[in-house]
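Here is the structure we will look at.
Protein chains in written order, with the numbering used here: chain X, 989 to 1427; chain E, 2 to 183.
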């Protein structure tokens, strides 16, 4: 039944936003979570004077809450009453429907053709109003406002900042052979509103967001060899920051944005370096004849997690920037690479290979070291995991048939949502940092 | 097809005069099937080779050999999964191209290293480079010099086979030998 509910919510979501679907990713939820919190999101009343809004805000909110795995939104056809204000709420109705929480709201006109979205959250069992908020939506960005509504509801109930109003960057690959075209895209966290950042006839890979969400670093082969670019998403301006002999790969911005960790093989062997972005000076971090690559910053900016095959097969290691030996992080699984760190610095997602099966695994050290490893994805060729900035979900790339698709998965692994490109591959997803309200 | 150059490549320690004599005698003996029979094959009957066509008898490769000599026409070296060691079956190809580099000091090769799709893209960039470096080392051991060799890794980004099974993967784990100057 939960699956059906999710499918129906999804149907509504798609029905009201098919325009975005046509040019970008198709969204599809593949399973559900039976232990999720039941929540009713009543369709928001339209109290604006203009045309009916182009976005069903409540449907976007419900879809978000379903995606994250911790909630199960009441199916739209089971919503029997449409309160728009606290005075209109009859708690008995929602208690009969076994809902723990209730969200109601209304759209009002705002200056410049936008909306003011007012909404309230109720605890059904306690028959109490928990909070009320107002979010402003610029004209044409009601989906953005809906994501902010979901973020506030999520934070009020779960106690962790919501991460629905964020973005994902990814690479699409279309065509074949010499006509293959690679495109770096940025979309909303649910795959809607895709925008092209850069196109290339040569491979693009290894995306990294700057901490302010304004820039992307990536690897391009357009100069023949790999080189690292940093591009401003808003202006489109870009520059090459690393084009040394050999590999120029795996860029990762430091938490303060002033440095870039990267892999260079100018010494003859792939090693991890840190580049000061102001001076462009590089400092070598690893020195080992093995392949050392895929550096990621720990949240405190004091150490890096990276991949090395110094023990034979690739495994994750951590090295302090102040000096000292690297220490091994992963021991479960014969192949662990492509590590990424959650905001808490205690959960590490990676690609774990056993035989010919490559799945996304999470090493969880929230209860101490050495931590527990659990598998989040079914395989067989899953890669490129990336945490949402609040750690509630991950996005990763998978191979289905002959095409690449993306999956967003709840951190508990219970809910997976598929993002598919109409024609071609999608790969290399990277979740953005939190967006900033002042734009 | 058997030809005199593939005969010679296995004997890299042979000194030049002996190699010359062997080359000359082989050229006579194998005139019927040698790849240079179109290039004035009758010259090999005369005792001293004319200076205008030294490539015929000095045993050295010339640019035209890249398109005609079987072992030089082979430009791909294959690898086992997550490995970069040269397999014995690649030894003949690498000896041939190594000799070519020694014979043609102006020749330049870019070694394009590739990996199959399994595992992460960045680790596979490292793996492709490691394979390119292994081929570079083998070519230098066979007569090439470091200055003639350039390694570029494409990781898993440029597969030649699109499948998701071992038959595709085995074709994609490779180093391509690309002559940028002949």
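Even glycine gets a Cβ: it sits at the ideal position worked out from N, Cα and C. All values derive from a computational prediction rather than experimental measurement.
| Hey, does residue 163 (chain E) have any beta-carbon neighbour from chain X nearer than 8 Å? | Yes, residue 163 (chain E) counts as interfacial toward chain X.
| query | Quick one: Cα of residue 1300 (chain X) to Cα of residue 1343 (chain X), how far? | reply | As the crow flies, the alpha-carbon of residue 1300 (chain X) is around 15 Å from that of residue 1343 (chain X).
| field | Residue from X:1408, X:1361 and X:1360 with nearest C-alpha to residue 1383 (chain X) | value | Out of X:1408, X:1361 and X:1360, X:1408 has the C-alpha closest to the C-alpha of residue 1383 (chain X).
| said: Considering Cα atoms alone, identify which of X:1166, X:1157, X:1354 and X:1196 is closest to residue 1182 (chain X). | reply: Checking every option, the nearest Cα to that of residue 1182 (chain X) belongs to X:1157.
| query | How many Å lie between residue 1338 (chain X) and residue 1363 (chain X) at the Cα? | reply | Between residue 1338 (chain X) and residue 1363 (chain X), the alpha-carbon positions lie close to 10 Å from each other.
| For the beta strand (DSSP E) that residue 1219 (chain X) lies in, which residues bound it at each end? | In the DSSP annotation of this structure, the continuous segment of the beta strand (DSSP E) that includes residue 1219 (chain X) starts and ends at 1213-1220.
| query | Could you give the distance in angstroms between the alpha-carbon of residue 93 (chain E) and the alpha-carbon of residue 72 (chain E)? | reply | Straight-line Cα distance between these residues: approximately 7 Å.
| What does residue 1387 (chain X) reach in chain E if we use C-beta pairs closer than 7 Å? | The contacting residues are 165.
| field | Residue-chain proximity (residue 148 (chain E), chain X), Cβ-Cβ < 8 Å | value | With 8 Å as the cut-off, residue 148 (chain E) does not count as an interface residue toward chain X.
| request: Helix, strand or coil for residue 137 (chain E), going by three-state DSSP, please let me know. | output: Residue state, collapsed to three classes: helix.
| request: Compare the C-beta of residue 1198 (chain X) with all C-beta atoms of chain E and state if any pair is closer than 8 Å. | output: Not an interface residue.
| task | Say whether chain X places a C-beta atom closer than 8 Å to the C-beta of residue 177 (chain E). | result | So, not an interface residue.
| request: State buried or exposed for residue 952 (chain X), treating a residue as buried only when at least 16 other CB atoms are found within 10 Å of its CB. | output: The structure shown has nothing for residue 952 (chain X), since chain X only spans 989 to 1427.
| Start-to-end residues for the beta strand (DSSP E) that takes in residue 1251 (chain X) | 1247-1252 is the span of the beta strand (DSSP E), which, as asked, contains residue 1251 (chain X).
| said: Could you tell me the alpha carbon to alpha carbon distance between residue 1196 (chain X) and residue 1289 (chain X), rounded to whole angstroms? | reply: If I take the Cα positions, the gap works out to 16 Å.
| query | Can you tell me whether residue 1350 (chain X) is buried or exposed, with buried defined as 16 or more other CB within 10 angstroms of its CB? | reply | Counting the other Cβ atoms within 10 Å of the Cβ of residue 1350 (chain X) gives 16 or more, which makes it buried.
| task | For residue 163 (chain E), collect the residues of the same chain with a Cβ closer than 6 Å to its Cβ; drop the 5 residues on either side in sequence, then sort them by chain order. | result | Non-local C-beta neighbours of residue 163 (chain E) in its own chain, meaning closer than 6 Å and more than five positions away in sequence, are absent.
| request: Label residue 1010 (chain X) either buried or exposed according to how many other C-beta atoms from any shown protein chain fall within 10 Å of its C-beta, with 16 as the threshold for buried. | output: At residue 1010 (chain X) the pLDDT is 34, less than 50, meaning the model places this residue with poor confidence; the figure from the coordinates comes in the next sentence. Counting Cβ neighbours within 10 Å, residue 1010 (chain X) comes out exposed, since fewer than 16 surround it.
| said: Tell me the DSSP secondary structure of residue 165 (chain E) in three-state form. | reply: In the three-state reduction of the DSSP assignment, residue 165 (chain E) falls in the coil class, being assigned neither a helical nor a strand state.
| said: Assuming residue 1429 (chain X) and residue 1281 (chain X) are in contact, meaning their beta carbons sit under 8 Å apart, how far apart are those beta carbons, in whole angstroms? | reply: Residue coverage of chain X in this structure runs from 989 to 1427, which leaves residue 1429 (chain X) outside it and unanswerable.
| said: Quick check: is the beta carbon of residue 1238 (chain X) nearer than 8 Å to any beta carbon in chain E? | reply: Output row for residue 1238 (chain X): interface = yes.
| said: So if I threshold CB-CB distances at 9 Å, which residues from the stretch 1345-1375 of chain X count as touching chain B? | reply: The chain labelled as chain B is not found among the protein chains of the depicted structure, namely X and E.
| query | When the distance is taken between beta carbons, is residue 1214 (chain X) closer than 8 Å to residue 126 (chain E)? | reply | Yes. Within cutoff.
| request: Would you mind sorting residue 106 (chain E) into buried or exposed? The rule is 16 or more other CB atoms within 10 Å of its CB. | output: Residue 106 (chain E) should be labelled exposed.
| query | From residue 1425 (chain X) to residue 160 (chain E), what does the alpha carbon distance come to, in whole angstroms? | reply | Distance between the alpha carbons of residue 1425 (chain X) and residue 160 (chain E): 43 Å.
| request: Can you grab the Cα-Cα spacing for the pair residue 1069 (chain X) / residue 1031 (chain X), in whole Å? | output: If I take the Cα positions, the gap works out to 10 Å.
| Cβ atoms of residue 1045 (chain X) and residue 1091 (chain X): under 8 Å apart, would you say? | Not a contact, by the Cβ cut-off of 8 Å.
| request: Give the secondary structure of residue 177 (chain E) by DSSP, where H, G and I count as helix, E and B as strand, and everything else as coil. | output: Here residue 177 (chain E) sits in strand by DSSP.
| query | Using a threshold of 7 Å, is the CB atom of residue 1323 (chain X) nearer than that to any non-hydrogen atom of the ligand FMN? | reply | Ligands are entirely absent from the displayed structure, and the ligand FMN is therefore not among its contents.
| Is there contact between the stretch 144-152 of chain E and the stretch 75-86 of chain E, where contact requires at least three CB pairs shorter than 8 Å? | No: the two stretches stay apart, fewer than three of their Cβ pairs being nearer than 8 Å.
| What do you get for residue 1390 (chain X), buried or exposed, if any count of 16 or more other CB atoms within 10 angstroms of its CB means buried? | With fewer than 16 other Cβ atoms within 10 Å, it is exposed.
| request: Can you give me, in chain order, the residues of the stretch 1239-1259 of chain X that have a beta carbon less than 9 Å from any beta carbon in chain E? | output: Hits within the stretch, in order: 1251, 1253, 1256, 1257 and 1258.
| said: Using only the alpha-carbon positions, how far apart do residue 1419 (chain X) and residue 1210 (chain X) sit? | reply: Spanning the two alpha carbons is a distance of roughly 24 Å.
| Grouping DSSP H, G and I as helix and E and B as strand, with all else coil, what is residue 1146 (chain X)? | For residue 1146 (chain X), the secondary structure class from DSSP, reduced to helix, strand or coil, is helix.
| said: Using only the alpha-carbon positions, how far apart do residue 1385 (chain X) and residue 1413 (chain X) sit? | reply: C-alpha separation (whole angstroms): 10 Å.
| said: In this structure, how does DSSP classify residue 1431 (chain X) when only helix, strand and coil are distinguished? | reply: This structure cannot settle anything about residue 1431 (chain X), because the visible part of chain X is limited to 989 through 1427.
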